[in-house]
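Novice: Residue numbers (the working numbering), protein chains in the order written: chain S, 1 to 357; chain D, 358 to 714; chain A, 715 to 1071; chain C, 1072 to 1428. Beta carbons are placed, not taken as given, at the ideal position from N, Cα and C, and that holds for glycine. For reference, the structure I am asking about is given below.
There are 4 protein chains.
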Amino acid sequence: MSSYFGKNLKVSVFGQSHGAGIGMVMDGFPAGFKIDMDALNAFMQRRAPGQNRMTTARKEKDLPKFLSGLVEDTTCGAPMAAVIENTDMRKKDYAAHKLLPRPGHADYTAQIRYGGYQDVSGGGHFSGRLTAPLCIAGGICLQMLESRGIKIMARIRAVHGVEDVKWDMVDPKPMQSVAGKPFPVIDDNAGEKMQAEILDAARKGDSVGGVVEVAAFGVPAGLGDPMFMGVENRVSQALFGIPAVKGVEFGAGFAAAGMYGSENNDAFYEEGPCKTNASGGILGGITSGMPVVARVAIKPTPSIALEQDTIDFETGKAEKVQVNGRHDPCIVPRAVPVVEAVFAMAIMDMLLDAPAF
Amino acid sequence: MSSYFGKNLKVSVFGQSHGAGIGMVMDGFPAGFKIDMDALNAFMQRRAPGQNRMTTARKEKDLPKFLSGLVEDTTCGAPMAAVIENTDMRKKDYAAHKLLPRPGHADYTAQIRYGGYQDVSGGGHFSGRLTAPLCIAGGICLQMLESRGIKIMARIRAVHGVEDVKWDMVDPKPMQSVAGKPFPVIDDNAGEKMQAEILDAARKGDSVGGVVEVAAFGVPAGLGDPMFMGVENRVSQALFGIPAVKGVEFGAGFAAAGMYGSENNDAFYEEGPCKTNASGGILGGITSGMPVVARVAIKPTPSIALEQDTIDFETGKAEKVQVNGRHDPCIVPRAVPVVEAVFAMAIMDMLLDAPAF
Amino acid sequence: MSSYFGKNLKVSVFGQSHGAGIGMVMDGFPAGFKIDMDALNAFMQRRAPGQNRMTTARKEKDLPKFLSGLVEDTTCGAPMAAVIENTDMRKKDYAAHKLLPRPGHADYTAQIRYGGYQDVSGGGHFSGRLTAPLCIAGGICLQMLESRGIKIMARIRAVHGVEDVKWDMVDPKPMQSVAGKPFPVIDDNAGEKMQAEILDAARKGDSVGGVVEVAAFGVPAGLGDPMFMGVENRVSQALFGIPAVKGVEFGAGFAAAGMYGSENNDAFYEEGPCKTNASGGILGGITSGMPVVARVAIKPTPSIALEQDTIDFETGKAEKVQVNGRHDPCIVPRAVPVVEAVFAMAIMDMLLDAPAF
Amino acid sequence: MSSYFGKNLKVSVFGQSHGAGIGMVMDGFPAGFKIDMDALNAFMQRRAPGQNRMTTARKEKDLPKFLSGLVEDTTCGAPMAAVIENTDMRKKDYAAHKLLPRPGHADYTAQIRYGGYQDVSGGGHFSGRLTAPLCIAGGICLQMLESRGIKIMARIRAVHGVEDVKWDMVDPKPMQSVAGKPFPVIDDNAGEKMQAEILDAARKGDSVGGVVEVAAFGVPAGLGDPMFMGVENRVSQALFGIPAVKGVEFGAGFAAAGMYGSENNDAFYEEGPCKTNASGGILGGITSGMPVVARVAIKPTPSIALEQDTIDFETGKAEKVQVNGRHDPCIVPRAVPVVEAVFAMAIMDMLLDAPAF
């Protein structure tokens, strides 16, 4: 069991990279919400490959077809199911990976977990393709949240050590400024350097990782719970569902480990809860009314053209593997809308708690 | 809803800092396991306050009394319930916090979440006291895991920017070397510097944070699942249940964001899965057989003697607050066994999946 | 895993019949509700043994001690934990059951499930004693529901084939009339006959079963969900948690199987939803605003003085067993408050859904 | 939230009667199981309408198309998703039900629950059509269980008060004898009378209900748990997910309420657990190794041609409603495979627990 999330809003994701279709079922979404399908498709396009020279050359429409849950684009209370049919399959690119597990991929662990029965084509269910259904589910949540005054925005915070400018986690303007940018950073000079890193890695047959920062503005105070069902718990469980995420932090995050309490504590003021936001809008697992801020570490794309050591599963002997096919030298840009989507799913799930009764 | 964790092993934690008792119920633990009560109590003592000049002066035995689940210290299959009675209450220390929320604490969010009905004494259910029941549950899991050849060990990785030596995430010896140390670091010189930072902060009426690193050795390959029920998802949901944790990363974690794919990918070899472990023993949410490694960022203790800005909840007017009472200037040392305990709960829960069927 | 229930309101039950204590943890209950402890204790007494010649001679106070979740009897939002300490243990009565499983009891299945490590004294975690914690949790829910205008009442519908009068499932008065009766039936003549059956069975060293009917008045329309999270699903999952329950039906229940659609359909009227209530207040898993009505079949107490065939677990050879000790010849009267309590837990859990958002 | 079931095996059902498609996602099914697609389609056909004069005239193939989870018909560990596209829609038949709720249907409660946004065509997500996806999920589980020596069989036990012969709940032969019968009863004479009842009801423009009995043979002893996660709890939660089910009982069920303990207790014997099976193979929520037996009460089809009282939702005024369209006068025959399917899902979910660890 694996690919579903949520307490009140249940999102179930299915599909393999090269299977007949991928998609999602989202159950528990309130009835009566009209989805803006053009906006949803535009959101999906932000994640889609083939948009510039930094992403894979695959061309996929990735537009969802809704099978249920809607009456004339308005949610009817029944579970929403949407499917993206696969149209661009090239099975042969991947045929060898069953025997030669690619370093950094799930080939090796899937072989053990599923006893060799896993779908190896394109990484099967472990493929980054599966983030498209996450964008369907989360894209709808984003629209709903926006209709309630909650706005979620993400940016590229860093690529291969090149950092965008810091943000105070309070003022929404810098985050708003990245909307619509093809390479969503606050400081475009930093963005240029990041893109240079990516292209440089691509030239070397290598790849690079990065950090995405996401913030939710307008989240009401009082959401969440102490201990295991707090905001951090539920959001991190969701965010680690995005392939390649290896770290999640909130507010000051790991930097708080180097601070004094007097620096890290956000004092309270008459005008609003706080003027600083080291807590990332969360105290005791519960939202404070300040922006909810998280950062996710995204590892370098494991698929690289450089030759790597591996073994042959059948013989157990050492082998070399070179990953061909079409792969992003850095998935961070395409991860930005995925992080927004998954963050939205988690926030929406908490909004559907009934703390006030 | 909040204070329970797990799919197969359900751990429910109850209690308030100054209530009649705190405790836990653990359901789903296999029958027939004999608990070493002396070892459990010794483990609990690692978390207990009052052990040295860096921790609060409170003296608590914190020894659990088992109400159910055992027959002569052996698990009988029924839910285990254990209680720690509170014996050392000083309600008056905290009386003012309801009206004057302490910065960095859950006073403010609890007031909103519970409409003013929360137990304010000592932070109520948000108190660090609640990590004692986590140590009961996790301490038992640690024993069970050890009987299955799985050993979990944590160390202080950093305090206020002072770092212990790096560890290659492969060789267990450096991590084993911290066992039994009163200040569990690999390099005791670094440990001395960390302690100096803590004492310095205490003198200033301030506090500091840090990082705890935890590793599980001997975890079989093939545990976990893709997407939302993977190792990172379940472990992070658990670890963020520890108060003051603001970040969780696995393997190379945030450092992976600055690496090339060729650096971050762990190649496969004939002799064992890998010689490096940037993945932290997890690929695609599933264990690879390498050590499972996580790091948690712990914020500085929010309770500090320095005067801070706050508001009066009743009047809404600006006020000053000074947190008296007995507080650790750094909770990182006491967090070490708590991280081990919670990590063990999550690993145990996954072991109780039936992937092989 | 086993002994917890609920989606929003999590109730975890622990204890063994002859262990140190039994109790419950209830998480997710709204803050700010003042519990009437006298009323709760009076409710607990309705379940307690030793009240008349039809129940076991054991004398137990069964009064809960609250360890957490309350500030001066008012819920504070933290999990509520309550314990009943066992004071009247007679271990020797039961020593033989490990080797000689009692027919109709869980001795046999527990032996297999827990590999012989189960607590055999008094049935361990399978004992009817465990319904006391259910009454703590449910008794509090009953008070909360009543404060919201929802009143739950149960009666003995049948004992050993002797039926109380039918009830139209619409008019609350007949159900209200049983409140406070020591033997809660509408028609006391039927009640006399039932009691005669029970005493007759007791004289024979035998036992009898019966049916409890429960209704919730004032439940708002629109609670519940289609398919697997409907009212019937959640309530039945809860009610089968009461030991000895072997059937659950709603509205006309099994009788509907013998009816025409024209009889079983409840027509809609201007004055209120319906004049009849064959649906038991539930259509498509969702409440209609009519009384929610269920019936539970309770099997005869398996503990009987008559000699029965069994086997010796160690030798596998045929043996005879006679169940001594103190046992109710019919648990139906004491089951009435337990059914109310568990029904209340399930209704409360659904009220904490946020369908309206 | 609503339409998903299971702890280890998660089944999510989507679709509306007249939407683009209906289907299911099943997550957690073990990898490496080869599905017999012909057998699955044959199983689906047992549920399909249009097979004889007692079922609706609609002709639907109802054959599932798998989008994911399989590699050449063998499960690969990824979630299985299957879709049945709707090909035979007649929206106009149902247009009026939004304003005039049909008695016995979910029209009224859905209107309240979903605020008028529900899909009214053909009952939307509440339609009996949604039992087709249940048959996909459960049909696969049935095959898997059979490969493990567990065989599930159901029969019509009663229609409109006409009973098939009783079965001792021990000997599999009578249950096996119904396999392949177009009207699955043990005694075909009783079956003839039942069919006469159905046709008679049809002629009157009315409908009738009935009882389905289901048994699982070969279930190992030791499955399940006490209290809320026992076999009865999990199976009943599943079975009440079938539309029109109003009662569920196990073993002797409601009849046990009229028995002596000495009759209802199943004695243990050397040769096997028991010679009788009043417990329905379940003691203390845990399987005993005897056949697991349940019965479900199915109400008469609410859609009848006879004129019924209702109200107009818009005006609130009294109206008359007559349900046209194509409806089974009795859904019991088509419910038989659905009960088998859902029973199989629940048993399979329990088999995926890891009680032995």
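Should the segment 1016 to 1036 of chain A be regarded as contacting the segment 1337 to 1357 of chain C, the criterion being three or more beta carbon pairs within less than 8 Å?
Specialist: Touching, yes, given that three or more Cβ pairs across the two stretches are closer than 8 Å.
Novice: Might you give, ordered along the chain, the residues of its own chain that have their beta carbon closer than 6 Å to the beta carbon of D/Ser660, omitting 5 neighbours on each side?
Specialist: Here the set comprises Val680, His684.
Novice: Just to confirm the assignment, what range does the beta strand (DSSP E) spanning S/Asp309 have?
Specialist: 308 to 311 is the span of the beta strand (DSSP E), which, as asked, contains S/Asp309.
Novice: DSSP puts A/Thr789 in a beta bridge; with which residues?
Specialist: A/Leu784.
Novice: What did DSSP end up calling C/Pro1135 once you bin it into helix, strand or coil?
Specialist: Coil.
Novice: Strictly below 8 Å CB to CB, what residues from chain A border S/Asn41?
Specialist: Going along chain A, no residue has its Cβ under 8 Å from S/Asn41, so there is no contact; the nearest lies around 25 Å.
Novice: Leaving out five residues on either side along the sequence, give the residues of the same chain with a beta carbon under 6 Å from the beta carbon of D/Ala578.
Specialist: Hits under 6 Å: Thr644, Ser645, Gly646.
Novice: Looking only at C-alpha atoms, which of A/Phe968, A/Tyr831, A/Glu786 sits nearest to C/Ile1369?
Specialist: The shortest Cα separation from C/Ile1369 among A/Phe968, A/Tyr831, A/Glu786 belongs to A/Phe968.
Novice: So D/Gly637 packs on D/Gly608, CB below 8 Å; how close in whole Å?
Specialist: Indeed they touch by this definition, with Cβ atoms about 3 Å apart.
Novice: Ends of the beta strand (DSSP E) at A/Glu906?
Specialist: Not the beta strand (DSSP E): A/Glu906 falls in the alpha helix (DSSP H), residues 902 to 917.
Novice: Taking just the CA atoms, how far does S/Asp27 sit from C/Ser1198?
Specialist: About 17 Å.
Novice: Using the rule of at least 16 other Cβ atoms within 10 Å of the residue's Cβ for burial, across every protein chain shown, is D/Met358 buried or exposed?
Specialist: Unreliable positioning characterises D/Met358 in this predicted model, as indicated by a pLDDT of 46, which lies under 50. The coordinate reading is nonetheless provided below. D/Met358 should be labelled buried.
Novice: Helix, strand or coil for C/Ile1155, going by three-state DSSP, please let me know.
Specialist: Three-state result, C/Ile1155: strand.
Novice: What residues of chain E sit near C/Asp1144, judged by a beta carbon separation below 8 Å?
Specialist: Structure shown: chain E not included; protein chains present are S, D, A and C.
Novice: Excluding sequence positions up to five away, which residues of its chain have a Cβ less than 7 Å from the Cβ of A/Lys960?
Specialist: Ala1011, Lys1013, listed in sequence order.
Novice: Below 8 Å, how does it come out for the segment 1402 to 1418 of chain C and the segment 1205 to 1224 of chain C: are there three or more Cβ pairs, yes or no?
Specialist: Judged by Cβ distances under 8 Å, the segment 1402 to 1418 of chain C makes contact with the segment 1205 to 1224 of chain C, as three or more pairs qualify.
Novice: Comparing alpha-carbon positions, which option in C/Arg1117, C/Gly1077, C/Phe1137, C/Glu1268 lies nearest C/Gly1092?
Specialist: Closest by alpha carbon: C/Phe1137.
Novice: Count the other CB atoms within 10 Å of the CB of C/Arg1274; is the residue buried (16 or more) or exposed (fewer)?
Specialist: The residue is exposed, with fewer than 16 neighbouring Cβ atoms inside 10 Å.
Novice: What runs of the beta strand (DSSP E), each 3 residues or longer, lie entirely inside the segment 266 to 331 of chain S?
Specialist: Taking only runs of at least 3 residues, the beta strand (DSSP E) segments lying wholly in the segment 266 to 331 of chain S are 272 to 274, 292 to 298, 308 to 311, 318 to 321.
Novice: Between the C-alpha atoms of A/Met908 and A/Ala872, what's the straight-line distance to the nearest angstrom?
Specialist: Taking the straight line joining both Cα atoms gives about 7 Å.
Novice: Scan the segment 722 to 756 of chain A for residues whose Cβ lies nearer than 8 Å to a Cβ of chain S and list them as they occur along the chain.
Specialist: Result list: Asn722, Pro744.
Novice: To which residues of the same chain is C/Val1283 closer than 8 Å at the C-beta, ignoring the five residues directly before and after it?
Specialist: Around C/Val1283: Ala1225, Arg1226, Ile1227, Arg1228, Arg1366, Val1367, Ile1369, Val1403, Ala1406, Val1407, Val1410.
Novice: Could you check whether the segment 360 to 380 of chain D touches the segment 221 to 233 of chain S, counting it as contact only if at least three pairs of C-beta atoms, one from each stretch, sit closer than 8 Å?
Specialist: Segments in contact, yes.
Novice: Please look up how many angstroms separate the CB atoms of A/Glu963 and A/Ile996, rounded, as I've assumed it's under 8 Å.
Specialist: So it is not a contact: roughly 11 Å between Cβ atoms.
Novice: Does DSSP put S/Met358 in a helix, a strand or coil?
Specialist: Residue 358 of chain S falls outside the range modelled here, since chain S spans only 1 to 357, and no answer is possible.
Novice: When you compare only the Cα positions, how much space is there between D/Glu710 and C/Val1096?
Specialist: The amino acid at residue 710 of chain D is misidentified as Glu; the sequence shows Asp. Taking the straight line joining both Cα atoms gives about 20 Å.
Novice: Go ahead and label S/Met175 buried or exposed: buried means 16 or more other beta carbons lie within 10 angstroms of its beta carbon, across all protein chains shown.
Specialist: Answer is buried; the Cβ neighbour count reaches 16.
Novice: Ignore the nearest five residues each way along the sequence and tell me which others in S/Arg46's own chain have a CB closer than 6 Å to its CB.
Specialist: Excluding residues within five positions, the ones whose Cβ falls inside 6 Å are Pro337.
Novice: For D/Lys508, which residues does DSSP report across the bridge?
Specialist: D/Lys508 pairs with D/Phe574.
Novice: For the beta strand (DSSP E) that contains C/Val1083, what are its first and last residues?
Specialist: The question names Val, yet the displayed sequence has Ser at residue 1083 of chain C. Here the beta strand (DSSP E) through C/Ser1083 covers 1081 to 1085.
Novice: Please list the terminal residues of the continuous alpha helix (DSSP H) segment that includes A/Asp821.
Specialist: Element bounds for A/Asp821: 821 to 827.
Novice: Considering Cα atoms alone, identify which of C/Leu1294, C/Ile1269, C/Val1306 is closest to C/Val1285.
Specialist: Considering only alpha carbons, the answer is C/Val1306.
Novice: Consult DSSP for S/Phe254 and reduce its assignment to one of helix, strand or coil.
Specialist: DSSP places S/Phe254 in helix when its eight states are reduced to three.
Novice: With DSSP run on the structure shown, which of helix, strand or coil describes S/Met1?
Specialist: With a pLDDT of only 46 at S/Met1, under 50, the local geometry of the prediction cannot be trusted, and the value read off the model is given with reservation. S/Met1: coil per DSSP, three-state reduction.
Novice: Can you check whether the C-beta of S/Ala354 is within less than 8 Å of a C-beta belonging to chain A?
Specialist: Interface residue, yes.
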